[in-house]
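Residue numbers (my numbering): 3 to 562.
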């Protein structure tokens, strides 16, 4: 015990009944009261923490890949024919490339929290929790609807593939290798930051490819049997110029041959495969789809056409202004428009869905890129899309939307010359009134028939009953492409070394042009994908990589 200070006399003991002694011996009543207050405060804190956790998707919100001695990650397949096309191996990437990005959901988007949209494996909040949506969707279909954002495709596909019936944990048996890098979530967090740099936008992609090049099966093939999902448009991953928009991910060394499933691709790059934007409809089974199809076909639609969008003052001669004027000139009895300024149409989707369910046709101009999610919302609602750029649909989604020299696109869409409309030679109302009621009914039936191929089901086993959703169609095309490449390599003498299949260099005579499309590109509605009739060998696109020089620059997005 330290000695007392000579300047501080010892304190005498406190007399009985003094405040000091009273505090040292509290009464039974005050002890109970204090304990009660502390317990209530503890419960309140737990409640606050619990509600906070509900707002954020868990950083481990996806099931971890199982470890077992079985070939099948998700149990043996009863019918061997189900996986006859091939098995899929899903890489278990370091968490920085997917799970950690989900954990940072509050910082992914500058205007609003992305956390609610990443719940339920990327599907978002159930429609039943959103009063506005619940009033638009019939009760029988409500469990199949969610408030889904347009950019969570990477999360949706990853979750489905982890539970896919044809997923294998033995990479030596795989026909295809999936790389679950959430590249769209990553670059989206750097696109609008005031202090964001090119290095910030490229960092994760560089690290991912460094990791991937260290994997034995990637090194063996050079990546031609690997595929990835990109949840943003391809132009966000193709930076032109030293300090241009987006990241340079798809042009980086190592991506020369990786197939990309992207919500909007480059039509001149054969490795970009356009897949539908996610909509709010995620059916659990084929019966749910048929119920929705019957519903949208039975609706009495009061408007001839509708348009969801907003004028953009920063764009000179913006075509949306022309369409808004067309709607106004037609009158409210024929057209209705929904103003989508800000996040009005993104918050719950009810206003847009209500519009399309009440319209026979829906106007679909280009947006910031050639395609808007609105086109898929329109078709899921059973309305016929009216297009003004071929690249909006016909040239962009050939595995999903029939189009070609035979005029198949006229079965489910209307195309209007935008220049003729701009100068006043035609009007939207006049063109659409030129279609007979019988013709419009046939077009709407064709659109509704295509709905399964434009949506992403919520069940791990797919829709069942022989019905394919968008992911089934995409996987069928990917596996077919990889089998064709493998066959071509096996039957042709090729020099040894790492191979890479990259997009033709535009303007170069050294590469083979892409095979001509039959328009349907293997997507026959209502049936399983037909065999590709192209006679061009897949190895025509394979080249030996001599160096890891950056890929050649492509033409600007604005050229069409």
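No residue lacks a Cβ here, since even glycine has one placed at the ideal position from N, Cα and C.
### Unbroken stretches of the alpha helix (DSSP H), 4 residues or longer, contained in the stretch 447 to 505
472 to 493
### Query
Taking contact to mean at least 3 C-beta pairs separated by less than 8 Å, is the stretch 242 to 252 in contact with the stretch 109 to 116?
no
### Task
Return helix, strand or coil for residue 363, following the three-state DSSP convention.
strand
### Secondary structure of residue 259, DSSP reduced to three states
coil
### First and last residue of the uninterrupted alpha helix (DSSP H) at residue 331
321 to 332
### Query
What separation, rounded to the nearest whole angstrom, lies between the Cα atoms of residue 91 and residue 276?
22 Å
### Query
Between the stretch 280 to 290 and the stretch 449 to 467, do at least 3 Cβ pairs fall closer than 8 Å?
yes
### Three-state secondary structure assigned by DSSP to residue 313
coil
### Task
Figure out for me which residue from 318, 309 and 302 has the closest Cα to the Cα of residue 1.
The requested residue 1 is not part of the displayed model; the chain covers only 3 to 562.
### Message
Looking only at its chain, what residues have a beta carbon closer than 6 Å to the beta carbon of residue 413, apart from the 5 residues adjacent to it on each side?
### Response
448
#### Entry: Host alpha helix (DSSP H) of residue 142 (start-end)
Looking at the DSSP string, residue 142 is not in any alpha helix (DSSP H), and its letter there is neither H nor E.
#### Entry: Where residue 271 falls, given that 16 or more other Cβ within 10 Å makes a residue buried
buried
### Message
I'd like the list of long-range same chain contacts for residue 151, defined as Cβ closer than 6 Å, with 5 residues on each side in sequence excluded.
### Response
119
### Query
Can the beta-carbon of residue 358 be found less than 8 Å from the beta-carbon of residue 337?
no
#### Entry: For residue 180: DSSP bridge partner residues
92 and 229
#### Entry: Beta-bridge pairing of residue 149 - partner residues as DSSP gives them
127
### Message
Here's the rule: buried if 16 or more other CB atoms are within 10 angstroms of the residue's CB, otherwise exposed. What is residue 9?
### Response
At residue 9, the pLDDT of 37 sits below 50, so the modelled position is not reliable and the matter cannot be decided from this model.
### Message
Using only the alpha-carbon positions, how far apart do residue 261 and residue 476 sit?
### Response
11 Å
### Task
Flag this pair as touching only if the stretch 459 to 468 and the stretch 158 to 167 have three or more C-beta atom pairs under 8 Å; answer yes or no.
yes
### Message
Taking only three categories from DSSP, how would you classify residue 173?
### Response
helix
### Task
From the DSSP output, read off the bridge partner residues of residue 308.
338 and 364
### Message
Using a 10 Å radius around the Cβ and a threshold of 16 neighbouring Cβ atoms, would you call residue 194 buried or exposed?
### Response
exposed
### Task
Please classify residue 17: is it buried, with 16 or more other beta-carbons within 10 angstroms of its beta-carbon, or exposed?
Note that residue 17 scores a pLDDT of 39, beneath 50, so its modelled location is shaky and nothing firm can be said.
### Query
Identify the residues that DSSP records as bridge partners of residue 238: which are they?
Beta-bridge pairing links residue 238 to no other residue.
### Message
Using a 10 Å radius around the Cβ and a threshold of 16 neighbouring Cβ atoms, would you call residue 489 buried or exposed?
### Response
exposed
### Query
Exposed or buried, what is residue 493 when buried is set at 16 or more other beta-carbons lying within 10 Å of its beta-carbon?
exposed
#### Entry: Among 482, 424 and 376, nearest to residue 153 - alpha-carbon criterion
376
### Query
Buried or exposed: residue 258, going by 16 or more other Cβ atoms within 10 Å of its Cβ?
buried
### Message
Looking only at its chain, what residues have a beta carbon closer than 6 Å to the beta carbon of residue 156, apart from the 5 residues adjacent to it on each side?
### Response
184, 186, 231 and 233
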